[in-house]
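Residue numbers (this note's numbering): 64 to 226. Idealized CB from N, CA, C, for every residue including glycine. Comments concern the structure below.
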Amino acid sequence: MNDQRKEAAPILVPVDFSPASRAALIWGARAAHRFEAPLEVLHVVHDPAWAPGYYQKEAGEVRRMEEAAGEMMDAFVEETIEHFPDLEALARARRTLVVGLPVHRILEVAASHGARWIVMGSQGRSGLPKLLLGSKAQRVVQLAPLPVTIVKAEQAEGESPPR
């Protein structure tokens, strides 16, 4: 008999540093606590065609996109922890940074890391702008073989995950 425990499946929260993704991060951390699951924060760096491999950080300074995005993700998570110090799952969260097309990479990371659930933020656009621009959250919902929860920015502070 093997006494080693299999690591619990994580709740995956993709973030783009927007208010909606902060709401999803808060909601996901609360869900991770409630379900005693690990939390994984994911940022997908979308490589811009005009400067592949690089981000324009400040006037005249060009930096590797992974370096800039990693710093942005750390600042985003740390700021969230500062404002919500009770989110113990967030303080222990694994942080993952990948490069590629967001929808495909979110689904790939969810599969390769054995995620049990994806929690994403959404701007909640509707009507013609949504039809013209598409929605990453909508595509993930359509394509994911696991549960996906969409959180709007207003939901974060007042609502808790299901019991």
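(1) Would you identify the three-state DSSP class for Arg202, choosing helix, strand or coil?
(2) Confirm, please, whether the CB-CB distance from Ile89 to Arg179 is below 8 Å.
(3) Within 10 angstroms of its Cβ, does Glu130 collect 16 or more other Cβ (buried), or is it exposed?
(4) Taking the alpha-carbon of Ala100 as reference, which of Ser81, Thr143, Ala156, Val78 has the nearest alpha-carbon?
(5) Could you give the DSSP three-state label for His109: helix, strand or coil?
(6) Where does the unbroken alpha helix (DSSP H) through Val166 begin, and where does it stop?
(7) Helix, strand or coil, according to DSSP, for Glu57 in the structure here?
(8) Would you identify the three-state DSSP class for Val211, choosing helix, strand or coil?
(9) Find out if the Cβ-Cβ distance for the pair Met136, Val104 is shorter than 8 Å.
(10) Specify the secondary structure class of Leu150 as computed by DSSP and reduced to three states.
(11) Could you check where the alpha helix (DSSP H) with Arg179 kicks off and where it finishes?
(12) Which residues in the same chain have their Cβ closer than 8 Å to the Cβ of Leu170, if we skip the five residues on either side of it in sequence?
(13) Give every residue of the same chain whose Cβ lies closer than 6 Å to the Cβ of Leu150, excluding the five residues on either side of it in the sequence, and list them in chain order.
Result, derived from the coordinates:
(1) helix
(2) no
(3) exposed
(4) Ala156
(5) Three-state result, His109: coil.
(6) 165-175
(7) Because the chain here runs from 64 to 226, residue 57 falls outside it and cannot be looked at.
(8) strand
(9) yes
(10) coil
(11) Per DSSP, Arg179 belongs to no alpha helix (DSSP H) and is neither H nor E.
(12) Val203, Leu206, Ala207
(13) Ala92
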